[in-house]
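In this note's numbering, the protein residues as written are 2 to 389.
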Ligand code: GLU
């Protein structure tokens with residue numbers, strides 16, 4: 002069958018594909034340590050689950066407004082008000098089925114064929130695919146290991162053309178863990194203002210910052226840059242709510258209105274999940290601090306172990322829950338790239354990692370430490386054995 006042109010180049014998400022392959026191997030009886038998927042291994046905190054139960058018991062089980070319920074939009078507004086002192090209004094907020102859905106909607110309503118969107122490399126696997134699906138052109142902006150993968154305004158400047166419509170900024174970054182310092186965000190915002198380009202700002206890992214790194218939100222620049230600021234966030238990572246599918250957007254009202262319209266004709270978030278998400282934002286945050294402390298413990302362990310393997314180098318991730326070691330020294334004896342390295346590692350010792358090529362950087366692999374310490378110890382022992 003001839004499928005539409007827009008999906009002809011599309012390949013399934015590599016992060017999800019590697020994880021599915023790991024599950025398949027496990028089901029067939031093989032022992033596999035899965036470092037592939039970026040999904041919290043914690044359960045959703047009880048206070049949030051209870052809200053979900055109550056929503057079901059109270060029959061809050063019908064359609065909601067396509068762009069989300071008022072309570073959840075208000076919770077989002079409150080969150081940014083208390084964190085940054087910025088007053089957003091309800092028409093500036095849309096609730097969607099996860100940040101991935103939010104980002105897809107954005108690409109759908111913002112970009113026409115030929116529009117250029119600057120995409121820092123390494124990038125999260127889904128960004129370029131969504132852009133290509135709507136006919137936009139991703140334009141890569143390189144970040145470097147020796148600079149801890151920090152996105153620099155100077156690198157962005159080099160890639161601007163008359164067709165540049167937006168830049169995607171993801172901090173803390175998936176897959177590198179890079180956290181953009183405030184002074185660099187200042188420069189990026191100044192450049193965007195000067196060039197009149199939109200900033201799509203993915204802050205899904207906003208609370209996952211370590212070692213004294215500080216997350217700088219685009220919201221902090223709202224007094225001068227609100228008209229070109231598009232904030233994307235989610236309940237998935239912070240509150241271990243991946244399966245509830247709740248993400249949200251803060252953007253100029255005309256963008257929100259368009260996305261609300263699109264959602265009214267496509268998918269919109271589940272009623273029960275939205276009620277639970279209200280509690281996630283407004284409720285007790287103790288469980289979040291505990292989870293973050295555990296991620297930090299794992300991060301230190303993983304980075305130390307990786308750097309202890311001769312031939313590997315791993316920049317210290319200031320945020321998110323990924324390590325992104327350089328494995329290019331192992332590109333020999335039939336292993337020519339990050340995909341072959343990952344396949345070899347899975348076959349030799351049953352450790353699943355995501356090849357750097359999926360993120361636009363061939364010399365690396367991504368290791369998610371959103372898995373138990375026990376798994377990390379086991380998997381890193383196996384890696385060390387086979388790599389030394
Ligand atoms: N964002 C996570 C990851 O990078 C979840 C999987 C996905 O949506 O690609 O692994």
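Just so you know, even glycine gets a beta-carbon here, dropped at the ideal spot from N, CA and C. Note that the coordinates shown come from a computational prediction; the quantities given were computed from them, not determined experimentally.
- Item | residue 151 versus residue 324 - alpha carbon distance | Start at 1 with the first residue of the chain shown, and residue 151 comes out as number 150. Start at 1 with the first residue of the chain shown, and residue 324 comes out as number 323. When rounded, the distance between both Cα atoms is 15 Å.
- Bridge partners of residue 323, per DSSP? Looking up residue 323 in the chain shown gives position 322. Answer is 369.
- Can you list, in chain order, the residues of its chain whose CB lies under 6 Å from that of residue 136, leaving out five sequence neighbours each side? Translated into the one-based positions of the chain shown, residue 136 becomes position 135. Around residue 136: 114.
- Task: With DSSP as the reference, label residue 160 as helix, strand or coil.
- Result: In the chain shown, counting from the first residue as 1, residue 160 sits at position 159. DSSP places residue 160 in coil when its eight states are reduced to three.
- Can you tell which of 141, 330 and 91 has its C-alpha closest to the C-alpha of residue 254? In the chain shown, the residue the question calls residue 254 occupies position 253. Answer by Cα proximity: 91.
- Check whether the Cβ atoms of residue 93 and residue 257 sit closer than 8 Å, and answer yes or no. Here residue 93 refers to the residue found at position 92 of the chain shown. Here residue 257 refers to the residue found at position 256 of the chain shown. Yes, they are a contact pair.
- Given residue 88, which residues of its chain have a CB within under 7 Å of its CB, disregarding the five upstream and five downstream residues? For the purposes of this step, residue 88 is taken as the residue at position 87 of the chain shown. The residues are 82.
- How long is the line joining the alpha carbons of residue 369 and residue 149, rounded to whole angstroms? By 1-based counting over the chain shown, the position of residue 369 is 368. By 1-based counting over the chain shown, the position of residue 149 is 148. The alpha-carbon atoms of residue 369 and residue 149 are separated by roughly 18 Å.
- Task: My understanding is that residue 130 touches residue 11, with C-beta atoms under 8 Å, so please give their C-beta distance in whole angstroms.
- Result: To locate residue 130, count along the chain shown from 1; it is residue 129. To locate residue 11, count along the chain shown from 1; it is residue 10. So it is a contact: roughly 6 Å between Cβ atoms.
- Cβ-heavy atom distance between residue 126 and the ligand GLU below 7 Å? Reading the chain shown from its first residue, position 125 is the one you call residue 126. Under cutoff, so the answer is yes.
- Span separating the alpha-carbon of residue 270 from that of residue 54: The count along the chain shown starts at 1 and reaches residue 270 at position 269. The count along the chain shown starts at 1 and reaches residue 54 at position 53. If you take the alpha carbons of residue 270 and residue 54, they lie about 17 Å apart.
- Would you call the CB atoms of residue 389 and residue 288 closer than 8 Å? Residue 389 sits at position 388 when you count from the first residue of the chain shown. Residue 288 sits at position 287 when you count from the first residue of the chain shown. It is not a contact, given that the beta carbons lie outside the stated cut-off.
- Query: Contact check, residue 318 vs residue 366 under 8 Å by CB: the rounded distance?
  - Reply: By one-based count along the chain shown, residue 318 stands at place 317. By one-based count along the chain shown, residue 366 stands at place 365. With a Cβ gap of about 14 Å, residue 318 and residue 366 do not count as contacting.
- Message: Runs of 4 residues minimum, wholly inside the region 200-269: which ones carry the alpha helix (DSSP H) assignment?
- Response: 223-226 and 254-266
- Is any heavy atom of the ligand GLU found at a distance shorter than 7 Å from the C-beta of residue 169? Locating residue 169 in the chain shown gives position 168, counting from the first residue. Not so, every heavy atom of the ligand GLU lies at least 7 Å from the Cβ.
- Task: State the DSSP-derived secondary structure class of residue 176, mapped to helix, strand or coil.
- Result: Stepping through the chain shown from its first residue, residue 176 is reached at position 175. Three-state result, residue 176: coil.
- Message: At the level of alpha carbons, what is the spacing between residue 342 and residue 154?
- Response: The sequence position of residue 342 within the chain shown is 341, counting from 1. The sequence position of residue 154 within the chain shown is 153, counting from 1. If you take the alpha carbons of residue 342 and residue 154, they lie about 33 Å apart.
- Item | Neighbour-count burial assignment, residue 13, 16 or more Cβ in a 10 Å radius | Working through the chain shown from its first residue, we reach residue 13 at position 12. The residue is exposed, with fewer than 16 neighbouring Cβ atoms inside 10 Å.
- Expressed to the nearest angstrom, what Euclidean distance is found between the alpha-carbon atoms of residue 48 and residue 265? The count along the chain shown starts at 1 and reaches residue 48 at position 47. The count along the chain shown starts at 1 and reaches residue 265 at position 264. Straight-line Cα distance between these residues: approximately 30 Å.
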